[in-house]
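See below for the structure under consideration.
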Amino acid sequence: MKSKVRTAGRAVMISDVVVIGAGPAGLSAAIAAAEAGASVVVIDENPRAGGKLLGQLHEEPGTGWWIGADISKKLAERAADAGVRILTNRQVWNLSPGWEVALDNGESVSAKYAVAATGAAERPLPIPGWSMPGVMAIGAAQTLTNYYRVRPGDRIAIVGIDPLSLTVAHELSMAGADVVGIYLPSKSVFTGSQADPDRNLEYLAGMSELAPNAFLRWGGRLAANPTLRSLALTFFPKSGIPLMGTRLNLRKSLISIGGDGRVQHIETAAIDKQGNPGKIQTVEVDCVCISGGLYPVQELTRDCELVRIDQLGGTVPLYSQELETTQDNLFVAGNVTGIEGAKIAMAQGNLAGTVIASRLGLIQGKKAIDQAAEAVRSARKSSAITFMPDIEEGRRIADDLWLKRGSENLLTQKDESYA
Ligand SMILES: Cc1cc2nc3c(=O)[nH]c(=O)nc-3n(C[C@H](O)[C@H](O)[C@H](O)COP(=O)(O)OP(=O)(O)OC[C@H]3O[C@@H](n4cnc5c(N)ncnc54)[C@H](O)[C@@H]3O)c2cc1C
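Be aware that the sequence shown starts at 0, since it is given in numbering that gives the first Met the number 0, and climbs by one per residue.
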């Protein structure tokens, strides 16, 4: 069922399913439901469908180049072929049970089922000088370079060590930029463990199989053992190690950004194993990219039972194995459930769309749902990038809390362990 009526000049669309977010999760959910026969409307605030997938461009071991813009195009075409209506350039301002979706242009969508696939956002990381022209979030640098084909600078410094900053450093070098180094942020109330060399070495373990550098592979594999990790940090070269066309510095932090009206230089400090600064050095650059990590976006799921699970990246709704939330007929898929890569987001979207199609009576039996759930598990096993090093623990906590929801213990447990 899909229809459009006008009330007081505002278009109201009625469909079986409304999906918020046209990233890999939202598009995959829409495809699964629509190919089973449901009428589906997808809404996204951006001019093109694809979400964060649009800017992704990296080489994966065994499978070759991952070109997000091409994959987004194929997903959007497949969705359109299945009859999905994709509404771009519209922001969802409100989602209320029923489900009623209010858009920023006055339109609204009514649907029996809703999927919140609103993805992730970047955490800010304030650094002295960060408001100057030439400083940007790492995601902005990725979008400029890979999607708009605009190099954000010629000599670029990156602050923050995580899978995203390492990936984008490589992308910037491939685009011809001189990436002078990847630095830790300096210790502050905002940076917490992000400024800790030991925690960063542990973080790199998530990428150790991908590491093109023997030292990093070695360091990554040692990460589980604190004594060996300390040894690896002691011997970590003060000038960093070469990595993907730049230098990775675990023993240097970026303490400030300077320049006359725009970025012209950074100040870095050599640091000890605890992150305490020593000798300061000035490095000329014309661009600084800040990577503070990602968190799941929950504005539209705020009426669900939410729980903070740091291992998943922040606050997430409680959700079942079939991705249903504590709100009837509201499903979640993708990074809104925790920070993971695009292939996992696609598999989760497919699962949510398949479950909804089954609830609508368009799919009989459990086989399709079981297969979709298995595809999520297998996407996780083969994932090239681990954004959150303790994600498995996070998922176990989330599963546990779902099973215990409604019981008297839940609030206490949330407060003590996860808040
Ligand atoms: C800056 C950044 C860079 C990343 N780079 C990589 C990478 O290189 N490799 C990798 O594997 N993963 C990367 N990721 C992780 C990435 O989020 C996942 O790979 C994947 O894109 C998640 O899919 P998703 O569908 O859950 O969310 P997204 O791809 O984020 O899609 C969500 C969509 O919902 C839209 N949306 C949100 N709220 C609203 C609203 N209220 N109204 C309308 N539209 C809304 C968003 O604009 C977005 O288009 C990156 C994440 C970020 C934030």
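For each residue, glycine too, the CB sits at the ideal point set by N, CA and C.
Between the beta-carbon of Val41 and that of Leu26 there is about 7 Å, and that keeps the pair under the 8 Å contact cut. At a threshold of 6 Å, Thr166 counts as near ligand 1, since its beta carbon sits closer than that to one of the ligand's heavy atoms. In this structure, the alpha-carbon of Leu124 lies about 17 Å from that of Asp309. Contact check for Ile343 against Ser382 passes: the beta carbons are separated by less than 7 Å. Measuring C-alpha to C-alpha distances from Ile355 to each of Gly61, Val18, Pro46 and Phe235 identifies Val18 as the nearest.
Under the three-state reduction of DSSP, Glu391 is assigned to helix.
Under DSSP, Trp64 forms a beta bridge with Glu58. With respect to the C-alpha of Asp327, the residue from Ile256, Ala194 and Trp98 having the closest C-alpha is Trp98. Short note on Ala101: C-beta not closer than 6 Å to any heavy atom of ligand 1.
Looking at the backbone, the Cα of Ala28 and that of Pro151 are separated by about 34 Å.
Here Ile157 is not near Leu247, since their CB atoms are 7 Å or more apart. Taken through DSSP and simplified to helix, strand or coil, Gly105 comes out as coil. One alpha carbon belongs to Ile265, the other to Ser185, and they sit about 12 Å apart. The C-alpha of Gly118 is placed about 6 Å away from the C-alpha of Pro295. Annotated as proximal: Ala21 and Ala48, with beta-carbon spacing under 7 Å. Annotation for Gly340 indicates a beta carbon within 6 Å of some heavy atom of ligand 1. Of all alpha-carbon atoms in Val179, Ile160 and Thr190, the one lying nearest the alpha-carbon of Glu201 is that of Ile160. In the structure shown, Ala120 adopts extended strand secondary structure according to DSSP, grouped into three states.
The residue among Asn199, Ser38 and Asp177 with its C-alpha nearest the C-alpha of Ala231 is Asn199. Contact fails between the region 134-143 and the region 266-277, because fewer than three Cβ pairs, one in each stretch, are under 8 Å apart. A distance of 7 Å or more separates the beta carbons of Val178 and Val284. Unbroken alpha helix (DSSP H) runs of no fewer than 4 residues, entirely contained in the region 217-280, are found at 225-233, following chain order. Taking 6 Å as the cut-off, the C-beta of Ile384 counts as close to a heavy atom of ligand 1. Per the coordinates, the alpha-carbon of Ser107 lies some 5 Å from the alpha-carbon of Val11. Sequence-distant partners of Ala174 (beyond 5 residues in either direction) whose C-beta falls short of 6 Å from its own C-beta, in its chain, are Thr144 and Arg150. In this model, Ala371 and Ser238 are separated by some 47 Å (Cα to Cα). In this structure, the beta-carbon distance from Val114 to Ala332 falls below 7 Å.
The secondary-structure analysis by DSSP pairs Ile338 with nothing; it has no beta-bridge partner. Shortest gap from the CB of Pro295 to any heavy atom of ligand 1: 6 Å or more.
Collapsing the DSSP output to three states places Ala21 in coil. Beta-bridge partners of Glu99 (DSSP): Ser95 and Ser109. Closer than 6 Å to some heavy atom of ligand 1: that does not describe the Cβ of Asn349.
In this structure, the CA atom of Asp369 is about 19 Å from the CA atom of Ala33. Where Met135 is concerned, the enclosing beta strand (DSSP E) starts and stops at Val134 to Ala136. Nearest to Leu400 by C-alpha distance, out of Leu361, Ala341, Ser319 and Ser38, is Ser319. Under the criterion of beta carbons closer than 8 Å, Thr300 and Thr324 qualify as touching, at roughly 7 Å.
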